[in-house]
Amino acid sequence: MKKLMFSFFLFWAALPIRAQEFIPQEFWGLWEATAKRDAGLKSFDLAQEQILLQDKALRYRFLPNLELNASYTRLGEDLRFDSDMESLLMGSQRLLAKEALGIPFNAALPEQVPLSEIPPILERNILKASADMNWLLYSGGKIKQGRKALQAKGELQLAQKQMQKETLFNNLLQTYDQLGLLLAAEKVLSQTGDYLAQQENFVEKAIANGLAIPIDRKKIELAKKQLALKVEEQKSKKKIVLALLAQQSQLPAEELANLHPQLVLPAEKNWSSEKRVELNALEAAQKALHAQEKMERQSFIPKLALKGHYEILQQDLSLLDPKAYVALGMNWTLFDGRQGHLKAEEKALEQQKVKEKIREVEEQLLLAETKAQADWDLAQEKIELQKAEKKLAEEHYALVQEQYQNGLTDLREPLAALKDIEQISFSLAQSRYQARRAYLALIQAKGQLIKTIEQQ
């Protein structure tokens, strides 16, 4: 499975990056691999499943509960009537027998007429088996409000998951762009190396023809050593960035070395502003608190339940035990010491706190959007200025190079001009990196980042 994921990732990495792509396809492959492995996102998915189970449990509260019960009891002795009651019952039995035989009630009953013994009320060996049913018919609205609270909790979890996605995506893209910045720096150093190679070739020919002095060769060698040191520094930084990218994505650094990020600027687009996930989270929390408040206020509504009972084994029942019954019960809390009222007031105060927080966050997000737009506009202007500076530096280098070749200046001027080109190229790459960060902050401030992520 891991090899399959790596192959999929490398397939995306091999795709050409179009100039107009702000987020290239190879990054989306990296993002998919990262999101699948992120423990935080998995935790939110498990929390959503847990909420679904809790909602099912509430719905199933309206299903009848059926129970089978069995018991065996051995008493110390049979339960019988007292002696006076038994004498009365025996006397009644004699009178009934005399009446049946036509004997006067004051005459003696013949001995041959059998009389039944008075049975015990309950024998000492008691075996019982019964079925019971409990059925909640009406919960006073508590289950309905409980499900609403769970639904709002699910919306809150979803919003928090989206916030986690935005943070994870932002951090991953930042590291990816840092790698792109290092690759851009490598390209600048490679161009500097090409310039130095051309300069070295000219100096060697000039020295051979007596048009330059040997000290110029040493200046070129020193410049090459300085360049080699910069190259090694970039390699060290690249290893660190790849290690960080491997930590974030949990993919091998060797695989990530095949990435080729470019600091592409996005095409102009007028993004519309959408509601931020932070506001969705706060509104969901407010809905959950409102449902909990209603639950507390509805604690005074009567609750209805149906109860049924049936004795499966009836031979050991006492004379007072019913064989079956059905009962409709009501539970009505008339006064609970104002506990429900106080809890409801507490939830109402918490709602008010969330409402104030929403107002505060709305103001902060509006300010953040304004700042992000200003940063993006400024970043574009800075890039255009540095492009002009780079063009001027290249023209200056060409001029001093021509002057050096014609013997009008020494080698220090072309080398200084070359260093200016290198420095401006570094600054331009850094500005492109900062511009991409500003643009990402802008689409996040407008509430479009999560939509961009989830549409892939």
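Residues 130 to 585 in my numbering are what the sequence shown lists, from first letter to last. Just so you know, even glycine gets a beta-carbon here, dropped at the ideal spot from N, CA and C.
Cross-strand partners of residue i (DSSP beta bridge)
| i | result |
| --- | --- |
| methionine 459 | Leu433 |
| aspartate 261 | Glu196 and His438 |
| tyrosine 267 | Leu433 |
| tyrosine 201 | Leu256 |
| leucine 208 | Leu251 |
Best match in the options for proximity to residue i [C-alpha to C-alpha]
| i | options | result |
| --- | --- | --- |
| alanine 417 | Leu279, Leu230 and Ser200 | Leu279 |
| isoleucine 369 | Arg346, Asp539 and Thr304 | Thr304 |
| leucine 586 | Phe429, Tyr454, Leu442 and Asp450 | No answer is possible for residue 586: the residues shown for the chain start at 130 and end at 585. |
| isoleucine 272 | Gln480, Gly458, Ala546 and Arg190 | Arg190 |
| glutamine 363 | Arg346, Leu312 and Leu380 | Leu312 |
| proline 243 | Gln222, Val393 and Gly339 | Gln222 |
| proline 248 | Asp539, Met219 and Gly269 | Met219 |
| alanine 402 | Arg426, Lys171 and Leu495 | A small correction: the amino acid at residue 402 is serine; alanine does not occupy that position in the sequence shown. The candidate whose alpha carbon is nearest that of serine 402 is Leu495. |
| glutamine 573 | Gly231, Phe429, His419 and Asn299 | Asn299 |
| leucine 457 | Leu380, Trp264, Asn254 and Thr538 | Trp264 |
| serine 560 | Leu187, Ser245, Phe464 and Glu518 | Glu518 |
| aspartate 539 | Glu384, Gln502 and Ile349 | Ile349 |
| alanine 558 | Ala229, Leu308 and Ala314 | Ala314 |
| glycine 437 | Ala508, Leu197 and Lys472 | Leu197 |
| methionine 459 | Leu266, Ala168, Glu485 and Phe210 | Leu266 |
| glutamate 155 | Glu384, Ser428 and Lys580 | Glu384 |
| lysine 277 | His419, Leu380, Ala375 and Asp174 | His419 |
| glutamate 425 | Gly576, Asp167 and Glu474 | Glu474 |
| isoleucine 336 | Gly576, Asp465, Gln534 and Leu301 | Gln534 |
As assigned by DSSP and simplified to three states, the class of residue i
| i | result |
| --- | --- |
| asparagine 330 | helix |
| arginine 488 | helix |
| glutamine 296 | As written in the sequence, residue 296 is threonine, which differs from the glutamine given in the question. Here threonine 296 sits in helix by DSSP. |
| isoleucine 255 | strand |
| alanine 453 | strand |
| tryptophan 157 | helix |
| arginine 405 | coil |
| isoleucine 232 | coil |
| glutamine 584 | coil |
| glutamine 241 | coil |
| lysine 575 | coil |
| phenylalanine 555 | helix |
| tryptophan 505 | helix |
| leucine 373 | helix |
| proline 72 | Coverage of the chain is limited to positions 130 through 585, which leaves residue 72 absent and any answer about it impossible. |
| leucine 380 | coil |
| arginine 223 | helix |
| glycine 466 | coil |
| glutamate 570 | Note that residue 570 is alanine in the sequence shown here, rather than glutamate. Looking at alanine 570 - three-state DSSP - the assignment turns out to be helix. |
| phenylalanine 151 | coil |
| alanine 386 | coil |
| threonine 163 | helix |
| alanine 168 | helix |
| threonine 538 | coil |
| alanine 341 | coil |
| leucine 325 | helix |
| glutamate 246 | coil |
| lysine 520 | helix |
Cα-Cα separation between residue i and residue j, rounded to whole angstroms
| i | j | result |
| --- | --- | --- |
| glutamate 215 | arginine 203 | 23 angstroms |
| glutamate 491 | glycine 158 | 34 angstroms |
| glutamine 328 | aspartate 504 | 40 angstroms |
| glutamine 241 | leucine 208 | 29 angstroms |
| methionine 134 | leucine 195 | Legend: pLDDT at methionine 134 = 39, less than 50; position of this residue unreliable, value from coordinates given subsequently. Going from the Cα of methionine 134 to the Cα of leucine 195 covers about 50 angstroms. |
| threonine 321 | arginine 346 | 17 angstroms |
| aspartate 445 | alanine 260 | 16 angstroms |
| leucine 408 | isoleucine 487 | 7 angstroms |
| glutamate 498 | threonine 296 | 17 angstroms |
| serine 319 | serine 554 | 12 angstroms |
| isoleucine 344 | leucine 351 | 11 angstroms |
| leucine 224 | tyrosine 439 | 38 angstroms |
| glutamate 284 | glutamine 585 | 22 angstroms |
| arginine 618 | tryptophan 160 | What the structure shows of the chain is the stretch from 130 to 585, and residue 618 is not part of that stretch, so it cannot be assessed. |
| alanine 567 | lysine 580 | 18 angstroms |
| glutamate 536 | glutamate 510 | The residue you asked about is not glutamate; residue 536 is glycine in the sequence shown. Computed Cα separation, rounded: 39 angstroms. |
| aspartate 171 | leucine 514 | According to the sequence as given, residue 171 is lysine; it is not aspartate. About 45 angstroms. |
| histidine 389 | leucine 507 | 27 angstroms |
| serine 212 | lysine 257 | 28 angstroms |
| glycine 275 | leucine 192 | 16 angstroms |
| leucine 471 | aspartate 465 | 11 angstroms |
| glutamine 577 | leucine 287 | 16 angstroms |
Supposed contact pair residue j and residue i - C-beta distance, whole angstroms, cut 8 angstroms
| i | j | result |
| --- | --- | --- |
| glutamine 415 | lysine 476 | Incorrect: roughly 11 angstroms between the Cβ atoms, too far for contact. |
| valine 406 | glutamine 481 | With a Cβ gap of about 23 angstroms, valine 406 and glutamine 481 do not count as contacting. |
| valine 317 | glutamate 551 | 6 angstroms |
| alanine 564 | leucine 394 | 6 angstroms |
| lysine 294 | isoleucine 582 | 6 angstroms |
| aspartate 306 | leucine 392 | 7 angstroms |
| glycine 269 | lysine 432 | 5 angstroms |
CB contact check: residue i to chain C, cutoff 8 angstroms
| i | result |
| --- | --- |
| asparagine 299 | Here there is only one protein chain, and chain C is not present. |
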